[in-house]
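Undergrad: Here full-length UniProt numbering is used: the first residue of the sequence shown is 1, the next is one more, and so on.
C-beta: ideal position from N, C-alpha, C; glycine also.
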Amino acid sequence: MSLLDSTTRTAVPALSAQGVTCAIGRRTVLSDVDLSVVPGEVLGLIGANGTGKSTLLRTLAGVRSPAAGEVRVGDRPLAGLRPQERARRIGYVAQEEAAPSDLLVAELVALGRVPHRGAWGGLGEDDRAAVRRALRLVDLEYAAAQPLDRLSGGERRRAVLARGLAQEAPLLLLDEPTNHLDIGHRLALMRLIRGLGRTVVLALHDLDLAATFCDRIAVLHDGRLVAVGEPDAVLTPAVLHDAFGVLATRVTHPLTGRTHLLFSHDESETHP
């Protein structure tokens, strides 16, 4: 039985990859990926390090072009969108983002409003309101006037996420958004993402968070999409062993009734 589901809940996906292949030099990092994202869903990307999650997100965002295949936003080719229109449709937050250390938090977040302004336009009231909303959503209003170099790693990560939220694009692509966050802010962020009402694709290392908050999960292994579906259908011991080389046990949380995962090394495998 194939674990690559055929999503038919909508005639036109919000975002889709069709036969997408990407290479770095002579090395193929993504191979013939077909993926459709349903409007309004939260889709989690999981896989071991180096399997192509970040490359897929960058390609879906239009940051890099595929060597073969096509990305479509709704019924339009992504490559045919002007940069400003693309930025209005897709918000992308990379795993690591460089910014001047003396930039104020509010100034960083305001960069998310650039697609909504003219080439030389300043911040309007709508822009300032969007910045305030984004800071409030990530619990960082208190740091609005602070320079980035005064922030902890977790605070800086939340500031970058606020920049992506301030963009207010209907599609949001997030690469490891919970990195550097404590457990309280991880849970708060995932609840926030669930409540946005936007189409979200995010790469996650925490499989319990993926199981709890994602509508569907896509599994990448060696640059190929090997499974797509609802969490209970995808996060099986067999799939997780193939993708991560570990033994997985599914347990039921006594309070929430949700499935959680316990892991152990497969002693038959060679580990670094």
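Is it the case that the stretch 51-59 contacts the stretch 130-140, given that we only count it when at least three CB pairs across the two stretches are under 8 Å?
TA: no
Undergrad: Taking 9 Å as the threshold (beta carbon to beta carbon), is Ala238 in contact with chain C?
TA: Among the chains in the structure shown there is no chain C, since it carries only a single protein chain.
Undergrad: Rounded to whole angstroms, how far is the Cβ of Asp34 from the Cβ of Gly19, which I believe are closer than 8 Å?
TA: Start at 1 with the first residue of the sequence shown, and residue 34 comes out as number 34. Start at 1 with the first residue of the sequence shown, and residue 19 comes out as number 19. Between Gly19 and Asp34 the Cβ distance is about 6 Å, and since that is below 8 Å, they are a contact.
Undergrad: Does DSSP put Val38 in a helix, in a strand, or in coil?
TA: Taking the sequence shown and counting its residues from 1, the one referred to as residue 38 is at position 38. It is coil, neither helix nor strand.
Undergrad: Could you check whether the stretch 172-180 touches the stretch 84-101, counting it as contact only if at least three pairs of C-beta atoms, one from each stretch, sit closer than 8 Å?
TA: yes
Undergrad: In chain order, which continuous runs of the beta strand (DSSP E) of length 3 or greater are located wholly inside the stretch 153-218?
TA: 171-175 and 199-203
Undergrad: Can you name, in chain order, every residue of its own chain whose Cβ lies under 8 Å from the Cβ of Leu261, other than the five neighbours on each side?
TA: Counting from 1 along the sequence shown, the entry for residue 261 is found at position 261. Excluding residues within five positions, the ones whose Cβ falls inside 8 Å are Leu207, Asp208, Ala211, Leu235, Leu240, Ala248, Thr249, Arg250 and Val251.
Undergrad: For Ala14 versus Gly74, is the C-beta spacing smaller than 9 Å?
TA: What you label residue 14 is simply residue 14 of the sequence shown in a count that begins at 1. What you label residue 74 is simply residue 74 of the sequence shown in a count that begins at 1. Yes. Within cutoff.
Undergrad: Excluding the 5 residues preceding and the 5 following Ala17 in the sequence, name in chain order all residues of the same chain whose CB lies nearer than 6 Å to its CB.
TA: For this step, residue 17 is matched to residue 17 along the sequence shown. These residues qualify, in order along the chain: Val33, Leu35 and Val71.
Undergrad: Might you give, ordered along the chain, the residues of its own chain that have their beta carbon closer than 7 Å to the beta carbon of Glu41, omitting 5 neighbours on each side?
TA: Here residue 41 refers to the residue found at position 41 when the sequence shown is read from its first residue. So the list reads Thr199, Asp215 and Arg216, once near-sequence residues are dropped.
Undergrad: For the beta strand (DSSP E) that contains Thr252, what are its first and last residues?
TA: In the sequence shown, counting from the first residue as 1, residue 252 sits at position 252. Segment Val246 to Thr252, the beta strand (DSSP E) holding Thr252.
Undergrad: Quick one: what does DSSP say Thr21 is sitting in, helix, strand or coil?
TA: Residue mapping note: residue 21 aligns to position 21 of the sequence shown, counting from 1. Three-state result, Thr21: strand.
Undergrad: Rounded to whole angstroms, how far is the Cβ of Thr51 from the Cβ of Leu202, which I believe are closer than 8 Å?
TA: Sequence index remark: in the sequence shown, residue 51 carries index 51 (1-based). Sequence index remark: in the sequence shown, residue 202 carries index 202 (1-based). Contact doesn't hold; Cβ gap of about 15 Å is too wide.
Undergrad: Give the single residue among Gly154, Leu165, Leu204 and Leu171 whose Cα lies nearest to the Cα of Leu181.
TA: Locating residue 181 in the sequence shown gives position 181, where the first residue counts as 1. Closest option to Leu181, Cα to Cα, is Gly154.
Undergrad: As a quick exercise: from Val38, Thr21 and Val37, pick the residue whose alpha carbon is nearest that of Leu30.
TA: One-based indexing of the sequence shown puts residue 30 at position 30. Comparing Cα positions, the closest option is Thr21.
Undergrad: Does DSSP put Gly112 in a helix, in a strand, or in coil?
TA: Counting from one through the sequence shown, the residue named residue 112 turns up at place 112. Gly112 falls in the helix class under three-state DSSP.
Undergrad: Ordered along the chain, which non-local residues of its own chain (more than five positions away) have a Cβ less than 7 Å from that of Gly184?
TA: Numbered from 1 along the sequence shown, position 184 holds the residue referred to as residue 184. Excluding positions up to five away in sequence, the list is empty.
Undergrad: Could you check which residue in Ala67, Gly195 and Gln167 has the C-alpha nearest to that of Arg26?
TA: For the purposes of this step, residue 26 is identified with residue 26 of the sequence shown, where counting begins at 1. Closest by alpha carbon: Ala67.
Undergrad: Could you check if His116 is buried or exposed, using at least 16 other CB atoms within 10 Å of its CB as the buried criterion?
TA: Looking up residue 116 in the sequence shown gives position 116. His116 should be labelled buried.
Undergrad: With DSSP collapsed to three states, give me the class of Arg64.
TA: Taking the sequence shown and counting its residues from 1, one reaches residue 64 at position 64. If DSSP states are grouped into helix, strand and coil, Arg64 belongs with coil.
Undergrad: Note down the Cα distance separating Asn179 from Val63, rounded to an integer number of angstroms.
TA: Within the sequence shown, residue 179 is the residue found at index 179, counting from 1. Within the sequence shown, residue 63 is the residue found at index 63, counting from 1. Approximately 21 Å between the Cα atoms of the pair.
Undergrad: Out of Pro170, Ala238 and His265, which one is the CA nearest neighbour of Gly197?
TA: Here residue 197 refers to the residue found at position 197 when the sequence shown is read from its first residue. Minimum Cα distance to Gly197 is reached at Pro170.
Undergrad: Please report the Cβ distance between Glu97 and Val38, rounded to the nearest whole angstrom; I am assuming they are in contact, meaning their Cβ atoms lie under 8 Å.
TA: Residue numbering aside, residue 97 sits at position 97 when the sequence shown is read from its first letter. Residue numbering aside, residue 38 sits at position 38 when the sequence shown is read from its first letter. With a Cβ gap of about 28 Å, Glu97 and Val38 do not count as contacting.
Undergrad: Going straight from the alpha carbon of Val226 to that of Gly122, what length do you get?
TA: Position 226 of the sequence shown, counted from the start, is the residue given in the question as residue 226. Position 122 of the sequence shown, counted from the start, is the residue given in the question as residue 122. If you take the alpha carbons of Val226 and Gly122, they lie about 46 Å apart.
Undergrad: How many whole angstroms separate the CB atoms of Arg158 and Val138, which I take to be in contact at a CB cut-off of 8 Å?
TA: Taking the first residue of the sequence shown as 1, we reach residue 158 at position 158. Taking the first residue of the sequence shown as 1, we reach residue 138 at position 138. About 4 Å; that satisfies the 8 Å criterion.
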